[in-house]
Structure formats: structure tokens, C-alpha cells
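Trainee: My questions will all concern the structure given below.
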Amino acid sequence: MNALLEVKNIVKKYNKIAAVNKISFSIYEGICFGLLGPNGAGKTTAIEIIENIIIPSSGTVLYKGKPRSSSFREEIGIKFQHTVLLSFLTVLETLKTFKGLYHNTYDIEELVDMCCLNSILYQQNSKISGGQKQRLLLAIALINKPKLLFLDEPSTELDPQARHNLWDILLNLKKQGTTIILTTHYMEEAQYLCDEIAIMDHGSIITIGTVDELITKYCDGCKIIVPIDSFNNASDYMDIGIEYTKNKDKIQIQTNDINYCLKKLLAKNVNFSKMVIHKPDLEDVFLNLTGHALRT
Amino acid sequence: MNFKRLWVIFKARNIEYFRDRSALGWNFFFPFLIVAGFSIIFSDTESTTFTVGIFPCESKNVSLKHINISAPLKNEKYIKFVGFESFKKGLDKLKHHKIDFLLKIGSPPYKYWVSESSPNGYITEKIFFAGLLQEKYQQIAEKQKIHGTTIRYIDWLFPGIISMNMMFSALWGVGFIVVRYRKNGVLKRLQATPLTSLEYLSAQVLSRIFLLLFTFVVVWFGCDLIFSFQVNGSYYSLFLIFLVGGFNLSSLGLLLASRGTSEEVSSGMINFITWPMMFLSEVWFSIESAPNWLKITAKLFPLTHIIKGARKITNDGATFNDITTELGILIIMAIIFLSIGALLFSWNK
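Here you go:
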């Protein structure tokens with residue numbers, strides 16, 4: 006299968022500081038590709054270089070195997086992290102304005118239904134709520150039936166219902182063959198939507214793969230968390246016969262063999278009602294790779 | 011060039027303009043208020059230019075009937091007399107430039123005081139002497155009448171006010187707005203579409219020309235209803251000079267907005283350009299007596315040529331052929347502004 010998009014050795018420097026440092030990857034048609042990373046990792050710069058908004062210091066981006074031509078913008082949809090729209094226009098007028106900039110477009114009615122904009126069509130685009138604005142920006146990004154859709158933190162400011170609605174829209178688009186490039190800080194969102202994920206930090210890509218591949222590669226086994234008061238006697242936990250770490254009033258057992266650990270705990274008559282078994286997820290991968298320290 | 015995309019942006023920009031009620035109101039009322047203000051000032055027959063204090067006098071309001079001053083001076087329409095009880099009070103006002111000339115009531119030879127540093131005082135002194143000598147000079151100089159229609163100050167001023175309004179509207183409406191759009195990301199959103207910079211810039215310029223001419227027509231005819239302006243030339247030529255002038259000033263606005271994201275820098279640059287234009291392009295007063303280098307500098311400003319062309323038409327009845335020089339200069343300047351602006355234009359911060 007040919008890659009829809011190929012990113013080759015992209016570098017972007019601002020006054021000798023590399024915001025993006027020699028990143029390379031390929032994205033295949035019809036998948037959802039997640040670009041994750043802490044704040045300041047270079048995700049937005051990288052994505053805007055691919056979108057042809059920022060000119061890279063060096064490197065190339067190929068779309069359908071060729072350098073991006075003027076038709077590239079006809080075929081892509083973009084939802085930026087922050088966008089201000091033309092002032093004093095209603096939601097309907099805003100959609101009509103953007104529709105007028107493309108050749109092949111959705112009917113406004115279809116788009117309005119898809120993004121649930123019916124109730125705000127005649128309100129000015131500056132006077133709608135944060136969630137409504139996110140839906141409008143998504144509708145603008147989709148207006149030209151894009152083959153390649155860029156979404157930079159699309160679910161910011163959305164409530165859980167709106168977020169699930171967004172996910173349904175994106176999964177539906179993916180089914181129809183739209184390729185999606187997504188950046189997000191919500192690991193649950195990335196795990197739910199993305200077929201392939203790249204994790205960036207300090208301008209470079211640290212790793213790339215499917216969610217399962219990343220979890221298998223960077224997280225070891227499961228974590229069993231047992232409160233100390235679940236033991237009959239408070240000191241019983243000390244000789245359970247498996248390695249553990251104590252954290253305040255709980256013990257944590259890192260293991261690849263849950264059954265073995267449970268047998269050991271059962272032998273000590275542990276009350277399982279408060280026990281938690283944590284399977285590693287994308288957040289664990291992310292924290293393992295980028296650390297727990299706060300990025301300022 | 012895709013005209014559908016150009017039309018979409020042109021339309022969106024016009025909607026923005028007409029829905030921004032405060033800016034819209036200001037664009038229409040500003041020239042009207044200035045013209046109305048000047049009309050009131052110059053129709054006020056009581057207005058004076060020079061103030062002469064006389065003493066001793068019991069009240070501030072002076073009755074000149076019983077005061078021994080030459081008749082021409084008493085009847086001088088640009089002099090107002092103010093009375094003072096004592097010399098001390100009058101001198102205090104003279105020192106603080108509250109009056110221009112202080113005169114003691116009495117018989118010739120008159121005693122008077124004037125501030126050496128006051129230009130008004132100097133001129134009042136000359137008027138005072140002229141008043142004393144007027145009868146003698148009437149025998150050696152004969153006043154001649156101007157035949158034909160005289161140009162009222164308001165008829166001379168109005169084309170300048172309209173042009174100035176056009177300049178502010180074009181430079182702030184294009185120059186400032188585009189910089190603001192670059193700063194807040196509107197341009198970035200448009201850059202992500204197939205819209206080209208040429209289409210966007212053309213839409214901006216065309217929209218501003220349309221809005222300038224719309225404002226011009228409404229303000230002109232609105233003011234004309236009240237002040238009955240005298241237009242000796244054709245409205246077609248007048249419209250043409252403002253059309254070309256609008257194109258020129260919008261292009262200049264675009265040049266100023268071609269780069270940068272700082273609204274402070276942008277407003278500084280616009281002020282830096284508009285203020286000299288406002289004073290040197292003869293909006294308010296003639297610079298006929300100014301030094302030659304200043305007159306040459308004024309010719310570099312597009313506003314000078316717009317106002318000159320417009321006044322030729324309204325005041326002197328000039329035809330299209332008479333304003334071709336101004337039109338030519340404005341078009342050449344506009345092409346230069348637009349070309350450099352388009353070359354320098356950047357969507358991004």
C-alpha cells in the first residue's frame with residue numbers, strides 16, 4: 006500500500022532552536038494517525054509544516070508521492086488549535102463563505118446536521134459557546150469533503166457528550182475513507198480513535214506504532230493495588246511471597262502473572278472488594294516515555 | 011485568479027463593515043460633524059480674531075460710541091473690544107496673552123501696549139495704525155471688486171474633508187484590520203483554504219473602494235442637503251477622482267499591512283503617514299506661502315492630488331481633461347503601492 010503522506014527529515018529552527026528536529030514518518034490512506042506529546046514538544050509546528058502553513062527549514066513532505074501542489078488545499082481540511090473567524094458573520098454565513106472557497110463541497114444542510122449546528126445557525130460566530138465553536142470549526146474543516154483531515158486538539162472545550170459525538174463523526178469519516186491526523190492531550194481519545202500513534206518530545210519522534218504495539222513495548226505487565234486494611238492483620242502483607250512496593254496505606258504489585266499473584270493474596274485471606282487491577286494503557290506509555298515532570 | 015473566491019471574501023468583508031454599527035456610524039458622522047462645525051464657526055458674525063483691551067472702563071462690555079478712537083478701527087469686524095477698570099488688570103491679561111493689544115482711552119497721541127512676542131499683537135498693532143491712516147490711503151489705492159461667483163470657505167473645505175475621511179477609512183480599514191487579522195489568526199485560517207494571496211488582497215482593496223465610494227456618496231449628498239454645495243464641474247469627474255483616490259489609498263493601506271502583527275506598530279505607522287498628509291495636503295489651509303521644499307514634499311502625498319483634483323472640479327469647474335495629471339499620478343502611485351504590498355505580503359505572523 007502506498008503512503009498518502011510521507012514526511013521526510015523535517016527540521017524547523019527558530020533562532021538556532023529546533024522546534025522540530027528531523028522527523029520522518031508515513032501515513033497510509035484511511036487511517037487515523039495520532040501525534041502525541043507534552044506541551045512544547047513540537048506537535049503543532051510539525052502538523053502546520055505538513056499542512057503547508059509553515060515553511061520548514063529543511064526536509065520534504067510528499068502527498069500521494071509528489072510535492073504538494075496547489076490542489077493540496079482543495080483536498081485537505083484543517084481544524085486549528087486556535088482560530089478566530091471573520092467577525093460579524095452568522096454561523097450560516099461563515100459556512101457559506103468557506104463553502105465558496107472550494108470546488109467540491111458538502112451541502113450546508115448535510116454539514117449542519119452532521120455537526121449539530123441547527124440551533125445556532127443565525128447566531129453570530131463570535132457569540133456562541135466554546136463547544137459550539139469547536140463544532141463550527143469542525144464543520145468548516147469538513148466543508149470540502151477532505152481526503153486528509155488535520156485536527157489539532159479537536160475536543161478541547163467539549164463536554165463528554167459533545168466529545169463522544171465528535172468521536173462518532175470521526176469514526177464515520179474514517180469508515181468513508183478519510184485519513185485523519187490528530188493531535189490531542191486526551192490519551193483516551195487517542196486510544197479510541199487512532200490506528201497508529203507517534204509520540205514526540207523536544208522536537209523529535211520518540212516512538213511510533215499501534216496502541217497495542219506501544220503498550221507491549223513500553224509497559225510491563227499489570228499493576229495490582231491492594232489497600233493494607235484488606236488484610237486480616239495489618240502486618241500480613243509483609244510476607245505474601247511476591248515483590249511489592251508500599252505507597253502510604255496501599256501496596257502495589259507489578260506482575261506479568263495475575264493468577265499467581267491472586268493465589269498468593271487468596272492464601273492470606275485478602276478481601277478483594279477494594280483491590281484494583283490496572284492494565285497499562287496509552288497514558289502509561291506516554292508517561293513512561295516523556296516522564297512525570299511538569300512541562301513549563 | 012478565481013472570481014468566485016474573490017467575490018466571497020469581498021461580500022464577507024462588506025457584511026463585516028455594515029454590521030459594525032459603531033464604526034459605520036463614525037464613518038458617516040465624522041465628516042458631517044466636521045463640516046457642520048466649520049459651517050457654524052464661519053457663519054458666526056460675532057466671531058473675532060483679535061482682542062483689544064481698553065482702560066479705564068467700568069464694565070467688560072464696551073460701548074464704543076463715546077470713546078475717542080478712529081472710526082475705521084471701531085468698525086473693524088475682526089477686532090473685539092474688552093474693557094478693564096485699570097491699567098494693571100489690562101496689563102495682566104496682555105502678559106498672559108488673553109488679549110492682543112491694550113489701549114488707553116484718550117485723545118491722540120494714543121498710548122498703547124503690545125507684547126513683543128505675540129504675532130497677534132504685532133498684527134493688531136498694524137491694523138491699529140492702518141485704521142489711523144486709512145483715510146489718507148484711500149486716495150492712493152482703489153479697491154476693485156471680484157466679479158463672478160465667490161467660493162465659500164465651506165465649498166473649498168468640503169472636498170478636503172471628504173478626502174481626509176477617505177484616507178482615514180482606507181488606511182485604518184485596510185492597514186489596521188489586516189494586521190489584526192494576521193495577529194488573531196483569521197489570515198492563517200484563510201491561508202489553509204485554496205484562497206490565494208492575490209485573491210484575498212484584491213477582495214480587500216475592492217471591498218474598501220466600494221465602501222469608500224458608498225460612504226462618499228451618502229456623506230456628500232447628505233451634507234449637500236444641508237449646506238447646498240456648489241459643484242461647478244461634473245459629478246462624473248468628481249466620482250472618478252474619488253474612485254482612483256480610493257484605489258490609491260486602499261493600496262497604501264495594503265502596503266502598510268503587508269507584514270507585521272503588532273497593532274501598536276501598525277497604528278503608529280498609520281499615524282506617521284496620516285498626520286503629515288492631513289496638514290500638508292491642504293485639507294484645512296493652503297500651503298501656498300510655505301517653503302518650497304515643503305510644497306515639493308506635499309506632492310509626494312496621494313491626498314494632495316486627490317484634494318487638488320476634487321477642488322479643481324468643484325471650485326473651478328474642471329473637466330476630465332483638466333484632472334488627467336492628478337489621475338495619472340494617483341494611478342502610478344497606486345500600482346507601486348499595490349505591487350510592493352503584494353510582494354511583501356505574508357499570511358503568517
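Residue numbers (this note's numbering), protein chains in the order written: chain A, 6 to 301; chain B, 11 to 359.
For each residue, glycine too, the CB sits at the ideal point set by N, CA and C.
Just so you know, these numbers come straight off a predicted model, no measurement behind them.
Just the C-alpha distance for D112(A) and K101(A), rounded to the nearest angstrom, thanks.
Mentor: C-alpha separation (whole angstroms): 10 angstroms.
Trainee: Return the first residue and the last residue of the alpha helix (DSSP H) that M280(A) is part of.
Mentor: Segment: none, M280(A) is in no alpha helix (DSSP H) and carries neither H nor E.
Trainee: Using a C-beta to C-beta distance shorter than 9 angstroms, which residues of chain A count as neighbours of A213(B)?
Mentor: None at all; the shortest Cβ gap to chain A is about 11 angstroms.
Trainee: Would you list, in sequence order, the uninterrupted alpha helix (DSSP H) runs of no fewer than 4 residues that lie entirely inside the segment 181-237 of chain B?
Mentor: Listed in chain order, they are 187-194, 196-201, 207-237.
Trainee: Which chain B residues are close to T102(A), counting only those with a beta carbon under 8 angstroms from its beta carbon?
Mentor: Here the neighbours are V18, I19, K21, A22.
Trainee: Excluding the 5 residues preceding and the 5 following T95(A) in the sequence, name in chain order all residues of the same chain whose CB lies nearer than 8 angstroms to its CB.
Mentor: Counting only Cβ-Cβ distances below 8 angstroms, and skipping sequence neighbours, we find L126, Y127, Q128, Q129, N130.
Trainee: At what residues does the alpha helix (DSSP H) containing C37(A) begin and finish?
Mentor: Careful: C37(A) lies outside any alpha helix (DSSP H), inside the beta strand (DSSP E) at 37-41.
Trainee: Locate the alpha helix (DSSP H) running through V117(A), then write down its first and last residues.
Mentor: Run containing V117(A): 113-119, per the alpha helix (DSSP H) assignment.
Trainee: Using a Cβ-Cβ cut-off of 8 angstroms (strictly less than) and excluding sequence neighbours within five positions of I220(A), which residues of its own chain qualify?
Mentor: Within the same chain, I220(A) has close Cβ partners P285, D286, L287, D289, V290.
Trainee: Identify whether L154(A) lies in helix, strand or coil by the three-state DSSP scheme.
Mentor: Note: L154(A) maps to strand in three-state DSSP.
Trainee: In the DSSP assignment, find the unbroken beta strand (DSSP E) run with S349(B) in it and report its ends.
Mentor: It is not in any beta strand (DSSP E) - S349(B) instead sits in the alpha helix (DSSP H) that spans 334-354.
Trainee: Any beta carbon of chain A sitting closer than 8 angstroms to that of K359(B)?
Mentor: It does not: the Cβ of K359(B) has no partner Cβ on chain A nearer than 8 angstroms.
Trainee: Report buried or exposed for V281(A), applying the criterion of at least 16 other Cβ atoms within 10 angstroms of its Cβ.
Mentor: The residue in question, V281(A), is exposed, as its Cβ has fewer than 16 Cβ neighbours within 10 Å.
Trainee: Can you tell me the Cα-Cα spacing of E209(B) and F13(B), whole angstroms?
Mentor: Near 8 angstroms, if we compare the C-alpha coordinates of F13(B) and E209(B).
Trainee: Using DSSP's beta-bridge definition, name the partner residues of D206(A).
Mentor: Per DSSP, S209(A).
Trainee: Counting only beta-carbon atoms, is I58(A) nearer than 8 angstroms to chain B?
Mentor: Yes, because at least one Cβ of chain B sits closer than 8 angstroms to the Cβ of I58(A).
Trainee: L101(B) to I115(B), Cα distance in whole Å?
Mentor: L101(B) and I115(B): Cα-Cα distance of roughly 14 angstroms.
Trainee: Mind listing the chain B neighbours of T184(A)? Cutoff is C-beta to C-beta under 8 angstroms, in chain order.
Mentor: Near T184(A) there are no residues of chain B at all, since even the closest Cβ is about 17 angstroms away, more than 8 angstroms.
Trainee: Hey, is L216(B)'s beta-carbon within less than 8 angstroms of any beta-carbon in chain A?
Mentor: For L216(B), the answer is no, since every Cβ of chain A falls outside 8 angstroms of its Cβ.
Trainee: Can L259(B) and M174(B) be called in contact, C-beta distance under 8 angstroms?
Mentor: The answer is no: Cβ separation not under 8 angstroms.
Trainee: I164(B) and V45(B) look like a contact to me (Cβ under 8 angstroms); what is the Cβ gap, rounded to whole Å?
Mentor: Indeed they touch by this definition, with Cβ atoms about 7 angstroms apart.
Trainee: Can you give the beta carbon distance from E336(B) to K318(B), rounded, assuming they're within the 8 angstroms contact cut?
Mentor: Correct: roughly 6 angstroms between the Cβ atoms.
Trainee: Considering only DSSP beta bridges, list what F91(B) is partnered with.
Mentor: The partner list for F91(B) (beta bridge, DSSP) reads V62(B).
Trainee: For the 8 angstroms Cβ check, are there 3 or more pairs between the segment 160-174 of chain A and the segment 191-204 of chain A?
Mentor: With a cut-off of 8 angstroms, the segment 191-204 of chain A and the segment 160-174 of chain A count as touching, because enough Cβ pairs lie within range.
Trainee: Rounded to whole angstroms, what's the CA-CA distance from S365(B) to A180(B)? Just pull it up for me.
Mentor: Because chain B spans 11 through 359 in this model, residue 365(B) falls outside it and cannot be assessed.
Trainee: On a Cα-Cα basis, can you pick out the residue from T260(A), S124(A), M205(A), I230(A) that is closest to S278(A)?
Mentor: Ranking T260(A), S124(A), M205(A), I230(A) by Cα distance to S278(A) puts I230(A) first.
Trainee: Please list, in chain order, all residues of the same chain as N123(A) whose beta carbon is under 7 angstroms from its beta carbon, the five residues on each side excluded.
Mentor: Once the five neighbours on either side are set aside, the close Cβ partners of N123(A) are V117.
Trainee: Taking Cβ positions only, does G208(A) come closer than 8 angstroms to chain B?
Mentor: It does not; no Cβ of chain B falls within 8 angstroms.
Trainee: Classify G135(A) as buried or exposed, calling it buried when 16 or more other Cβ atoms lie within 10 Å of its own Cβ.
Mentor: That one is exposed.
Trainee: From this set, D254(A), N109(A), S62(A), which residue's C-alpha is nearest Y19(A)'s C-alpha?
Mentor: Answer by Cα proximity: S62(A).
Trainee: Return the residues of the segment 133-151 of chain A that lie within a Cβ-Cβ distance of less than 7 angstroms from chain B, sorted by chain order.
Mentor: Residues passing the 7 angstroms Cβ filter: none.
Trainee: When burial is assigned at 16 or more other CB atoms within 10 Å of the CB, is M243(A) buried or exposed?
Mentor: Exposed, since its Cβ has fewer than 16 Cβ neighbours within 10 Å.
Trainee: Do you know whose CA, among I137(B), F239(B), S125(B), lies nearest F84(B)'s CA?
Mentor: Going by the sequence as given, residue 84(B) is Lys instead of Phe. Considering only alpha carbons, the answer is I137(B).
Trainee: Would you say E26(B) lies against chain A (beta-carbon separation less than 8 angstroms)?
Mentor: Cβ-Cβ to chain A under 8 angstroms: yes for E26(B).
Trainee: The beta strand (DSSP E) spanning F30(A) covers which residue range?
Mentor: Here the beta strand (DSSP E) through F30(A) covers 22-33.
Trainee: Quick one: is V188(B) near chain A, going by C-beta distance under 8 angstroms?
Mentor: Output row for V188(B): interface = no.
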